[in-house]
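Taking the numbering used here, I'd label the letters of the sequence shown as residues 1 to 521. Written below as structure tokens is the structure these notes are about.
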Amino acid sequence: DNFTYPVLFKVCADLTLNRLGHMILTHVLKVRLELVTHVHNASIHMFASCGEMENARKVFDESPVRDLVSWNCLINGYKKIGQAEKAIAVYKKMESEGVMPDDVTMIGLVSSCALLGNLNLGREFYEYIKANGLKMTIPLANALMDMFSKCGDVHEARRVFDKLEKRTMVSWTTMISGYARCGLLDVARKIFDDIEEKDVVLWNVMIGGSVHAKRAQDALALFQEMQTSRTKPDEITMIHCLSACSQLGALDVGIWIHRYIEKHSLSLNVALGTSLVDMYAKCGNISEARNVFHRMQTRNSLTYTAIIGGLALHGDASTAISYFNEMIDDAGVAPDEITFLGLLSACCHAGMVQTGRDYFSQMKSRFNLNPQLKHYSVMVDLLGRAGLLEEAEKLMESMPMEADAAVWGALLFGCRMHGNVEMGEKAAKKLIELDPGDSGIYVLLDGMYGKANMWEDAKRARAMMKERGVEKTPGCSSIEVNGVVSEFIVRDKSRPGYEKIYDCLHCLGKHMGMNETASVS
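As structure tokens, this is what we get:
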């Protein structure tokens, strides 16, 4: 009857039983119960929950019985599958038909603004909520906080947070995630530390935020802290920690995490397997990266991209190309822009100019992918290293967008390598316009003049750097000993025990017969 069918549709929605849902709808149509509003809404909700928005829209459009719940199912369904523009369009149609929204409608709309990164529209909906006295439920407040944070206005998110009389774990997590996403990790950490009972999602937000902000050591320290708590890590935790290891080159820690995954029987899904491949490749163990890759039962474009990029990093272009061919011909997996970035980088490292040209051309002609700035940067680097500077310059002139610092920098590097001072000066001038504080520009310019025996010009480049207050970025390196990663910066004396470190360096210098060891201090 009309009470049984909504329950059945809900079960299908919860368990994603698409086929059964279709069968139930067929029976509903036979007995003419689609005219009962709550049965009609339950069928729309079922299709929307299963991601079948075409069917959800068809049921919606063909039914004469609609209420606010019908519209909400459609709006939130489109939002769920990432089609935010369609969710907004449904709302406009709903508005034109005189149907007033409620808090559930606004959750879908505000979340759609977050997906679109449309802060202005999000603010309009927030003003509507306040002006029309809509009930500020906790889920709506959480959605508003998430939208403001993702759109870059974390201060407005905090104001919404502060007005909440009652906060759920989602509220705390959303606020911490917002601060972490904006790079305000210290503020995020303060809120995090104030929470007594932390779940795995909260830990993952803090660890992931640290990784995103390139504070990998903080991420691993948080993971160690998490292990002393009662919270068990999950696959997401492992993915974040492996990414931290990739940033640091911390192979020993990465191996320990791999063993932890195996010991605790965590599901080696595609995402986790891909993270392991990426970690091993970036930490220098490309053979183990390949072993993990071949042990994976399921692979996607990210998995292939990780192994191709890893092989490019290790200078093995021919093997990278063989994996690319396997990806296309055997696995039937479509490459994306990042895959091609790894592939072109492999060609660049190996000096495979014609192969690089061919793959760059295939991006658009074969795979309908538009080259982005990073692809042009790699191609200019490839051509520049090969001495094909005029071709590199012509490629830059053909770009559909303005060249950025990476593209001009690649050209300058090629000019320095092959002694093309005139073109190099042009590239350096453009780079200084784009980023006058980048010390690398002046260093390359100085080197180019020096190689051409243009000592006065080299002196002028160094003087320009000094006049503008630009200092050379100090060198930085890290070493992993017994699973602990230590970072060293040139002339840094803030590290405890630095006297012993420098004494050791001086002794090594003398032992190696170096005339000057003062440079290390």
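In this text, a Cβ means the ideal position worked out from N, Cα and C, and glycines have one as well. Please read these numbers as outputs of a predicted model, since none were measured by experiment.
For a quick check, are the C-beta atoms of Ile195 and Trp172 less than 7 Å apart?
Using a Cβ distance threshold of 7 Å, Ile195 and Trp172 count as a contacting pair.
At least 3 beta-carbon pairs within less than 8 Å: the segment 397 to 417 vs the segment 358 to 368:
Cβ pair count under 8 Å is below three, so no.
Does DSSP put Leu268 in a helix, in a strand, or in coil?
Coil, per DSSP.
Reducing DSSP to helix, strand and coil, say where Cys50 ends up.
In the three-state DSSP reduction, Cys50 falls in the coil class, being neither helix nor strand.
I need the straight-line Cα distance from Tyr179 to Ala188, nearest angstrom please.
Roughly 5 Å between the two C-alpha positions.
C-alpha gap between Ser243 and Asn453, whole angstroms:
Answer to the nearest angstrom: the Cα atoms are 45 Å apart.
So Ala346 is in the alpha helix (DSSP H); what residue range does that whole segment cover?
Residues 337 to 350.
Could you pull out every residue in the same chain whose Cβ sits closer than 6 Å to the Cβ of Gly387, ignoring the five residues on either side in sequence?
Counting only Cβ-Cβ distances below 6 Å, and skipping sequence neighbours, we find His418.
Secondary structure, alpha helix (DSSP H): runs of 4+ residues fully inside the segment 427 to 464
Fully enclosed alpha helix (DSSP H) runs of 4 or longer: 439 to 451.
Within 10 angstroms of the Cβ of Lys263, are there 16 or more other Cβ atoms? Answer buried if so, exposed if not.
Of the residues assessed, Lys263 falls on the exposed side of the cut-off, its CB having fewer than 16 other CB atoms within 10 angstroms.
Gly284 versus Arg290 - alpha carbon distance:
Straight through space, the alpha carbons of Arg290 and Gly284 are spaced by roughly 12 Å.
Rounded separation between Phe6 and Ala42 - CA only:
First, the residue type needs correcting, since residue 6 is Pro and not Phe in the sequence shown. Just so you know, the alpha carbons of Pro6 and Ala42 end up roughly 5 Å apart.
Is Trp71 near Met94, with beta carbons less than 7 Å apart?
Yes, they are a contact pair.
Rounded to whole angstroms, what is the Cα-Cα separation between Val39 and Pro101?
So the two alpha carbons sit approximately 21 Å from each other.
Proximal residues to Leu444 (C-beta, below 6 Å), its chain only, five neighbours per side dropped:
Once the five neighbours on either side are set aside, the close Cβ partners of Leu444 are Leu412, Arg416.
Determine the direct distance from the alpha carbon of Met136 to that of Arg167, and round the result to whole angstroms.
The alpha-carbon atoms of Arg167 and Met136 are separated by roughly 12 Å.
May I have the straight-line CA-CA distance separating Met226 from His258, to the nearest angstrom?
Whole-angstrom Cα-Cα distance: 17 Å.
Can you tell me whether His511 is buried or exposed? The criterion is at least 16 other CB atoms within 10 Å of its CB, across all chains shown.
Label assigned to His511: exposed.
Can you tell me whether Leu233 is buried or exposed, with buried defined as 16 or more other CB within 10 angstroms of its CB?
Note on residue identity: the sequence assigns Pro, not Leu, to residue 233. With 16 or more Cβ atoms within 10 Å of its Cβ, Pro233 is classed as buried.
Enumerate in chain order the residues of its own chain whose CB-to-CB distance from Val380 is below 7 Å, with the five nearest sequence positions on each side excluded.
Excluding residues up to 5 positions away in sequence, Ala392, Leu395, Met396, Val407, Ala410, Leu411 lie with their Cβ nearer than 7 Å to the Cβ of Val380 in the same chain.
Would you report the Cα separation of Asn118 and Ala350, rounded to the nearest angstrom?
Answer to the nearest angstrom: the Cα atoms are 43 Å apart.
Got a sec? Which residues, its chain only, sit under 6 Å from Leu311 by beta carbon, not counting five neighbours each side?
Counting only Cβ-Cβ distances below 6 Å, and skipping sequence neighbours, we find Thr319, Ala320.
Assign Glu288 to one of two classes, buried (16 or more other C-beta atoms within 10 Å of its C-beta) or exposed (fewer than that).
By the neighbour-count rule (16 or more Cβ atoms within 10 Å), Glu288 is buried.
What is the DSSP secondary structure of Gln83, counted as helix, strand or coil?
In this structure, Gln83 counts as coil in the three-state DSSP scheme.
What separation, rounded to the nearest whole angstrom, lies between the Cα atoms of Ile75 and Ala157?
CA-CA distance, Ile75 to Ala157, rounds to 23 Å.
Alpha helix (DSSP H) containing Arg366: first to last residue?
Boundaries cannot be given for Arg366, as no alpha helix (DSSP H) includes it and DSSP labels it neither H nor E.
For Gly122, does the three-state DSSP call read helix, strand or coil?
Three-state DSSP puts Gly122 in a helix.
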